[in-house]
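*Asks:* Under this note's numbering, the first residue of the sequence shown is numbered 749, with each subsequent residue one higher. Where is the CB? At the ideal position from N, CA and C, for every residue including glycine. Since we're looking at a predicted model, the values are computed, not measured. For reference, the structure I am asking about is given below.
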Amino acid sequence: MTRTLFAAHALLPDGWARDVLLEWDADGRFVRVQADAQCPHGSAIASGPLLPGMPNLHSHAFQRAFAGLTEYRAEQQDSFWSWRSLMYRFAARLGPQHLEAIATWLYAEMLEAGYTSVCEFQYLHHQPDGRPYADDAELSRALLRAAARTGIGMTLLPVLYQTSGFGGLPPNEGQRRFIRSTDSMLHLLEALAPGCAAQGARLGLAPHSLRAVPPEALADALAGLAALDARAPIHIHIAEQTREVDDCLAWSGQRPVAWLLDHAPVDARWCLVHATHMDADEYRRAAASGAVAGLCPSTEANLGDGLFDFPAWRSHGGAWGLGSDSHVCVDAAEELLLLEYGQRLALRQRNVGADAKEADVATALTLAAVHGGARASGRPVAGLAAGQQADFVMLDAAHLALQGLQPAQMLSSHVFASHGSAIDGVWVAGRPRVAAGRHVLHDSAAAGFVAARTELLKD
Ligand code: NGQ
Ligand code: ZN
């Protein structure tokens, strides 16, 4: 049994196409995506242009309940590091039920905003006092349940975290929920593998950062992961802050990305999250490795990270994708807007995101972010093409910002000028999850989120 949907306009990996017939199988995979097709008798017809679903390549779900609550001066000069202290305090209170409620709402929000899958960089492992839960995988399972309930696709990346800084500095009190030996991490992966497989989630590994994982642990964990799944995705925070670069130089004589490229088998399985501060040689080498740059424009702006050199990365053919990270923004279109505007402000140019093949900025950025996001996810979610999962978004052609426009203009207006989302429907693996802009669980998930947040903020 296959299902079909016919669309007057759809954004395929090569660009906008007309009269597109989408057909997918019972597993939710496209068996056919054909442009200039006839609409088969009885086929469903899309009421607006179709876009590929956007993979969200970086999320710390629990931080959603804390988004917007650190925008006040707490120190003489606040920074990423003072934000992190507040974040640790918040993380210390969280229980499994809180996490599940927060993630359920977050994933419903993501789906409504055009993200059809998410990579969870999951480092909350233990109880607040640092002891493992009776089920060591308790908090990871809460995320898997939230993904299953909402229908979002998932890449689960349990995080390896052992030290508080370069050179093996012991972890601090705020980090005790994160800490694991390399062996216990490999056991956790083994414990999670069946549940992930059962719901079509991909399991990978996230060494948190070079600050948090010493060289021997990194090598051992990567060897253990390769034995479990030689193609599993590997994500790492890297070179987000200049202090991190300075500390790495002091420790090793090398910058973080250069160190990683020299000491780890970095290739297309890897996602370098942030990778904000690279020198010219690092941009060239990292792009050539096949690793995906995980850009999180709203969080990087919020935390005062600095700007990624997007033109340099692209000049080397580097792949990239989008993450909502701390969730100060949960909207794929808005992340693209921020990415483009950061570059415009820095370069004093316009339309930086256009490329040689595609002059339209919103179209070019969307296609590139889906391509890179899929690679980082380790899942077949690379857009509207046979063999890929049927993850797609239908714009609301009746939205005032879109009415009467050509499809590329509709996407452009959605990204640059819609003042709110212009998304109508969202399908994941061929199943409708959002209709008329709302997820089925919208109301109950929102109520659960507010209750969890209220409890967490109570003194
Ligand atoms: C995180 N977030 O793991 O949540 C980090 C902060 C750290 C971002 N890097 C903690 N945006 O890097 O030490
Ligand atoms: Zn992160």
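If we require 4 or more residues per run, which alpha helix (DSSP H) segments fall completely within the stretch 952-997?
*Replies:* DSSP runs (the alpha helix (DSSP H)) wholly in the stretch 952-997: 963-976.
*Asks:* For residue 868, does the count of other Cβ atoms within 10 angstroms reach 16, so buried, or fall short, so exposed?
*Replies:* Answer is buried; the Cβ neighbour count reaches 16.
*Asks:* What's the gap between the Cα of residue 1174 and the Cα of residue 908?
*Replies:* Approximately 33 Å, taken between the alpha carbons.
*Asks:* Could you name the residues that DSSP lists as bridge partners for residue 1171?
*Replies:* Beta-bridge pairing links residue 1171 to 1143.
*Asks:* Give the range of the alpha helix (DSSP H) segment to which residue 1190 is assigned.
*Replies:* Taken as a continuous stretch (DSSP letters only), the alpha helix (DSSP H) holding residue 1190 covers 1190-1205.
*Asks:* Please classify residue 947: does DSSP put it in a helix, a strand, or coil?
*Replies:* Residue 947: coil per DSSP, three-state reduction.
*Asks:* To which residues of the same chain is residue 1178 closer than 7 Å at the C-beta, ignoring the five residues directly before and after it?
*Replies:* Result list for residue 1178: 751, 772, 776 and 1138, in chain order.
*Asks:* Spell out the partners DSSP gives residue 764 in its beta bridges.
*Replies:* Note: residue 764 sits in a beta bridge opposite 759.
*Asks:* Near residue 1193, what residues of its chain come up, given a Cβ to Cβ distance below 6 Å and the 5 sequence neighbours on each side ignored?
*Replies:* Once the five neighbours on either side are set aside, the close Cβ partners of residue 1193 are 852, 853 and 856.
*Asks:* Got a sec, what are the start and stop residues for the beta strand (DSSP E) residue 836 sits in?
*Replies:* Here residue 836 belongs to no beta strand (DSSP E); instead the alpha helix (DSSP H) covers 828-839.
*Asks:* Under 7 Å from any heavy atom of the ligand ZN, does the C-beta of residue 1073 make it?
*Replies:* For the ligand ZN, at least one heavy atom lies less than 7 Å from the Cβ of residue 1073.
*Asks:* Are residue 861 and residue 1080 close, meaning C-beta to C-beta below 8 Å?
*Replies:* Yes. Within cutoff.
*Asks:* For residue 1068, count the other beta carbons within 10 Å of its own beta carbon; 16 or more makes it buried, fewer makes it exposed. Which is it?
*Replies:* Residue 1068 should be labelled buried.
*Asks:* Sorry if obvious, but does the Cβ on residue 988 come closer than 7 Å to a heavy atom of the ligand NGQ?
*Replies:* Checking every heavy atom of the ligand NGQ against the Cβ of residue 988, one is found closer than 7 Å.
*Asks:* With hydrogens ignored, establish whether the beta-carbon of residue 817 is closer than 7 Å to any heavy atom of the ligand NGQ.
*Replies:* No, since every heavy atom of the ligand NGQ falls outside the 7 Å radius drawn around the Cβ of residue 817.
*Asks:* Output the distance between the C-alpha atoms of residue 901 and residue 866, rounded to the nearest integer angstrom.
*Replies:* Distance between the alpha carbons of residue 901 and residue 866 is about 6 Å.
*Asks:* Kindly indicate which three-state DSSP category residue 1029 falls into: helix, strand or coil?
*Replies:* Residue state, collapsed to three classes: helix.
*Asks:* Return the chain-ordered list of same chain residues with a C-beta closer than 7 Å to the C-beta of residue 989, the five sequence neighbours on each side being excluded.
*Replies:* The residues are 828 and 1053.
*Asks:* Considering only heavy atoms of the ligand NGQ, does any lie closer than 7 Å to the CB of residue 1159?
*Replies:* Outside the cutoff, so no.
*Asks:* To the nearest angstrom, how far is it from the Cα of residue 826 to the Cα of residue 923?
*Replies:* One C-alpha to the other measures close to 20 Å.
*Asks:* How would you write the range of the beta strand (DSSP E) that residue 864 sits in, first residue to last?
*Replies:* Run containing residue 864: 863-870, per the beta strand (DSSP E) assignment.
*Asks:* Suppose contacts are defined by Cβ-Cβ distances below 8 Å. Is residue 1172 in contact with residue 915 by that definition?
*Replies:* It is not a contact, given that the beta carbons lie outside the stated cut-off.
*Asks:* Take residue 944 as the anchor and find which of 894, 928, 1008 and 821 has the nearest alpha-carbon.
*Replies:* Checked all of 894, 928, 1008 and 821; the closest Cα to residue 944 is 894.
*Asks:* Thinking residue 950 and residue 903 are a contact (beta carbons under 8 Å), I'd like their distance in whole angstroms, please.
*Replies:* Correct: roughly 4 Å between the Cβ atoms.
*Asks:* Just the C-alpha distance for residue 1169 and residue 1162, rounded to the nearest angstrom, thanks.
*Replies:* Distance between the alpha carbons of residue 1169 and residue 1162 is about 7 Å.
*Asks:* Taking 8 Å as the threshold (C-beta atoms), are residue 1159 and residue 1104 in contact?
*Replies:* Not closer than 8 Å, so no.
*Asks:* Put residue 1120 into one of helix, strand or coil per three-state DSSP.
*Replies:* DSSP places residue 1120 in helix when its eight states are reduced to three.
*Asks:* Along the chain, where does the alpha helix (DSSP H) that runs through residue 895 open and close?
*Replies:* Segment 886-898, the alpha helix (DSSP H) holding residue 895.
*Asks:* Does the ligand NGQ have a heavy atom nearer than 7 Å to the CB of residue 808?
*Replies:* At least one heavy atom of the ligand NGQ is nearer than 7 Å to the Cβ of residue 808, so yes.
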